[in-house]
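Chains as they are written, first to last, in this note's numbering: chain D, 245 to 512; chain P, 3 to 266; chain R, 521 to 582.
Every residue gets a Cβ at the ideal spot worked out from N, C-alpha and C, and that includes glycine.
Presented below is the structure to which this report refers.
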Amino acid sequence: MSSTSSQTPLPTPEGRAIARAPSRWLWFHKLGSPPYAYGLASRLRPWFMGATVILMLVGVFGGLVLAPPDYQQKDAFRIIYVHVPAAIMSLQVYMAMAIAAAVGLIWRMKLAHAFAAACAPVGAWFTVLALATGSIYGKPMWGTWWEWDPRLTSELILLFLYLGYMALRESFDDIPRADRASAILAIVGVVNVPIVKYSVVWWNSLHQAPTISKIDTPSITLSMGWPLYTLVLAFMLYFAAVMCDRLRSEILRRERNASWLMENIDRS
Amino acid sequence: MRARDPSVPPAGADTLAADACAAMGEDAFPPDEIGAGQSSGLRQIVWLVIVRDLRLAMRHWDQVIQPLIFFVIITTLFPLAISPALEELRRISPGVLWVAAMLSSLLALESLFRPDVEDGTMEQWVLSGQPLSVLLLAKTTSHWLISGLPLVFMAPIVGTALGMPQSVWPVLAATLALGTGSLSVLGAIGAALTVSVRRGSVLLALLVLPLEMPVLIFGARAVDLAMQGEAVAGPLNLLAALLLLFVSLGPFAMAAAMRISVET
Amino acid sequence: MNLQDFLSMSGYAAYVWPCYGLTAAVLIWMVWSARSQWRREIVRAQRRVLSQQQTGQQEVQS
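Printed below as a string of structure tokens:
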């Protein structure tokens, strides 16, 4: 996955054909090279961070102040402005992690493995946030801190999947092996996520009379909706900003090329 | 190993099976039983693997029945912990039986690949050139015959002790027959991932149990519905669909995981 | 709308504010921990490079 090999022309008769073939994939090779990714992450991070802070402030102000209170849930519904983005991100991060793991496994791209490794704790924390805020939201709505509601239950199972992934990664000493073993687990997990989701919904619909789940996002109007969309976007940018740092840590941990390390450490 | 000798033609079924026997250091197969004909193909290897594992299990029958005893003990804990009243036990019996079946299948997984990895047989399999996924699926099948199938027959008896009506027996057996197959495949993936990890059994439970939760839901619910006299075709079909899905995709994950675990 | 009403969240203050506080705490902590981990990795990489250079020089001398 080094970018240099694609740039040096080969002295064979077919050299031109071989040299030209990778050019279509140059961006892929470039992105896959740790030095390029490291530099990119360094350059992008301030932008992600700045956009996150602005959007978060706007979204929270809109959610807490500007949005009108729900006629049924009064001001308690304002919890969805942090609960829903965290829940969305918990699943998105798992998807991103599994895709990165698959790319790393299939194309033997080390950087993709580094990305997957960096994803897991962030995703697990988003899951914890979604569970905690969902449970706090449940207290005034259901009257209990915990209800075996399909969303909370599948969120809990997602947390177990994250914990298993991280535990498996920790149990290997050498990084390449940990990468590939945990990649298989992530792929098996991502195949299972829709099954878990469906089975939990089915289980719940059977078990209790189909009451209207009050935690459903209230029929959203634009005046209530825009802070939510803003905050979802803000959470995504936040994830990108945190990943810039975590990916750089992973690259440093894995990089064995001393001269490259020297250059980049001196610069930063 | 004969298979490495360049003068011998590429490792066929015969050499593989012979090597497997030699690597085991146990005469699981007398030489005349190893496919004498030249046409022995993949099907025969699968058959040999299954028969070999069953024979080994017969020889170590005490290890085979331990998970079954565990199954019975767990189900005994519930009347002691909750209440001896059959009314109450009947209500929770599907869940109790299914959780106990899940845990005992988890316990049996420990011995699925570990002996073969430790004595080097698995390395021979990886190098043999035969499709590893098929070989591992064969091993999983024999494992299911040893650890899953007995549960199918034992669960109705234990269920009776928990107040389960006889009319539910066929449904209980059917859900366990379909469900333990899925549990075996998912467990085999986890076992292949953790086989090289020291003290990996807790890790194995942590990895495998969340993946098995849908099977538990459909299995236990189907029995519950049957007890209430409702139709159970839906969850049974779903269990069968899950089994097909896992059996068709799982072996590839097993093989990939095993290659990582065996390489040094 | 006065500040009192805003803070009381129509009686749900005990649920709304902890949610926002918890989220803010976790998000800020994650940024901080990622940043400090990156700094630690830099120090470790520096040490690694230095030790590599030293062993390299020793090999040249010997």
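task: Using beta-carbon positions only, say whether residue 345(D) and residue 487(D) come within less than 7 angstroms of one another.
output: As a first step, residue 345(D) is located in the first sequence; it is residue number 101 there, counting from the start. As a first step, residue 487(D) is located in the first sequence; it is residue number 243 there, counting from the start. No.
message: Looking only at its chain, what residues have a beta carbon closer than 8 angstroms to the beta carbon of residue 84(P), apart from the 5 residues adjacent to it on each side?
response: Along the second sequence, one-based indexing puts residue 84(P) at 82. Closer than 8 angstroms at the Cβ level, and outside the excluded window around residue 84(P), lie 90, 91 and 94.
- prompt: Between the beta-carbon of residue 338(D) and the beta-carbon of residue 367(D), is there less than 7 angstroms?
  reply: Start at 1 with the first residue of the first sequence, and residue 338(D) comes out as number 94. Start at 1 with the first residue of the first sequence, and residue 367(D) comes out as number 123. Cβ distance < 7 angstroms, so residue 338(D) and residue 367(D) count as in contact.
task: Would you grab the beta carbon distance between residue 419(D) and residue 498(D) for me? Rounded to a whole angstrom, and I think it's under 8 angstroms.
output: On the first sequence, residue 419(D) is found 175 positions in, with the first residue counted as 1. On the first sequence, residue 498(D) is found 254 positions in, with the first residue counted as 1. Right, their Cβ atoms sit about 6 angstroms apart.
- prompt: Which stretch, first to last residue, makes up the alpha helix (DSSP H) that contains residue 68(P)?
  reply: For the purposes of this step, residue 68(P) is identified with residue 66 of the second sequence, where counting begins at 1. Run containing residue 68(P): 63-83, per the alpha helix (DSSP H) assignment.
- request: Could you list the residues in the segment 331-345 of chain D with a C-beta less than 8 angstroms from some C-beta on chain P, going in chain order?
  value: none
Partners in chain D for residue 67(P), counting only beta-carbon separations shorter than 7 angstroms: Within the second sequence, numbered from 1, the residue matching residue 67(P) stands at position 65. The premise fails here: residue 67(P) is roughly 29 angstroms from chain D at the closest Cβ pair, so nothing lies under 7 angstroms.
query: How many angstroms separate the CA atom of residue 421(D) from the CA atom of residue 349(D)?
result: Counting from one through the first sequence, the residue named residue 421(D) turns up at place 177. Counting from one through the first sequence, the residue named residue 349(D) turns up at place 105. Taking the straight line from one Cα to the other gives about 11 angstroms.
- request: Determine, using beta carbons only, whether residue 157(P) and residue 256(P) come nearer to each other than 7 angstroms.
  value: The sequence position of residue 157(P) within the second sequence is 155, counting from 1. The sequence position of residue 256(P) within the second sequence is 254, counting from 1. No, these two residues do not count as a Cβ contact at 7 angstroms.
task: Kindly indicate which three-state DSSP category residue 118(P) falls into: helix, strand or coil?
output: Position 116 of the second sequence, counting from 1, holds the residue named residue 118(P). Helix.
7 angstroms Cβ shell around residue 482(D) - same chain, five flanking residues per side excluded: Here the question's residue 482(D) lines up with position 238 in the first sequence. Answer for residue 482(D): 296, listed in chain order.
query: Under the rule that 16 or more other beta-carbon atoms within 10 Å means buried, what is residue 496(D), buried or exposed?
result: Here the question's residue 496(D) lines up with position 252 in the first sequence. Classification for residue 496(D): buried.
query: Pick from 546(R), 522(R) and 551(R): whose alpha carbon is nearest that of residue 294(D)?
result: If you number the first sequence from 1, residue 294(D) lands on position 50. The candidate whose alpha carbon is nearest that of residue 294(D) is 551(R).
message: Below 8 angstroms, how does it come out for the segment 396-406 of chain D and the segment 208-222 of chain P: are there three or more Cβ pairs, yes or no?
response: yes
task: Report the three-state DSSP secondary structure of residue 314(D) (helix, strand or coil).
output: Position 70 of the first sequence, counting from 1, holds the residue named residue 314(D). Looking at residue 314(D) - three-state DSSP - the assignment turns out to be strand.
field: Contact check, residue 234(P) vs residue 227(P), beta carbons under 7 angstroms
entry: Working through the second sequence from its first residue, we reach residue 234(P) at position 232. Working through the second sequence from its first residue, we reach residue 227(P) at position 225. Cβ distance < 7 angstroms, so residue 234(P) and residue 227(P) count as in contact.
query: Once you ignore the five residues that flank residue 198(P) on each side, which residues in its own chain have a CB closer than 6 angstroms to its CB?
result: One-based indexing of the second sequence puts residue 198(P) at position 196. Answer for residue 198(P): 263, listed in chain order.
- request: Kindly list, in the order they appear in chain P, the residues whose Cβ is closer than 8 angstroms to that of residue 434(D).
  value: Position 190 of the first sequence, counting from 1, holds the residue named residue 434(D). Within chain P, no residue comes near residue 434(D); the closest Cβ sits about 11 angstroms away, beyond 8 angstroms.
task: Evaluate residue 525(R) with the Cβ neighbour count: other Cβ atoms within 10 Å of its Cβ, from every protein chain shown; 16 or more gives buried, anything less gives exposed.
output: The residue labelled residue 525(R) in the question sits at position 5 within the third sequence. By the 10 Å Cβ count, residue 525(R) comes out exposed.
task: Hey, could you find the ends of the alpha helix (DSSP H) residue 499(D) is sitting in?
output: As a working mapping, residue 499(D) is identified with position 255 in the first sequence. Careful: residue 499(D) lies outside any alpha helix (DSSP H) and carries neither H nor E.
query: Using a C-beta cutoff of 7 angstroms, does residue 570(R) count as contacting chain D?
result: Walking along the third sequence from the start, residue 570(R) turns up at place 50. No, because no Cβ of chain D sits closer than 7 angstroms to the Cβ of residue 570(R).
- request: Determine, using beta carbons only, whether residue 542(R) comes closer than 7 angstroms to chain D.
  value: Taking the first residue of the third sequence as 1, we reach residue 542(R) at position 22. Yes, residue 542(R) lies at the interface with chain D (some Cβ there is under 7 angstroms from its Cβ).
task: Report the neighbours of residue 425(D) on chain P: residues whose CB is nearer than 7 angstroms to its CB, in chain order.
output: To locate residue 425(D), count along the first sequence from 1; it is residue 181. Residues of chain P passing the Cβ test: 195, 259 and 262.
message: Whole angstroms are fine: how far does the CA of residue 545(R) sit from the CA of residue 166(P)?
response: For the purposes of this step, residue 166(P) is taken as the residue at position 164 of the second sequence. For the purposes of this step, residue 545(R) is taken as the residue at position 25 of the third sequence. Roughly 51 angstroms between the two C-alpha positions.
- request: Can you tell me which of 380(D), 370(D), 280(D) and 416(D) puts its alpha carbon nearest to the alpha carbon of residue 480(D)?
  value: Counted from its first residue, the first sequence places residue 480(D) at position 236. Comparing Cα positions, the closest option is 370(D).
- prompt: Whose CA, out of 120(P), 46(P) and 224(P), lies closest to the CA of residue 176(P)?
  reply: Taking the first residue of the second sequence as 1, we reach residue 176(P) at position 174. Taking only the C-alpha atoms, the option nearest residue 176(P) is 224(P).
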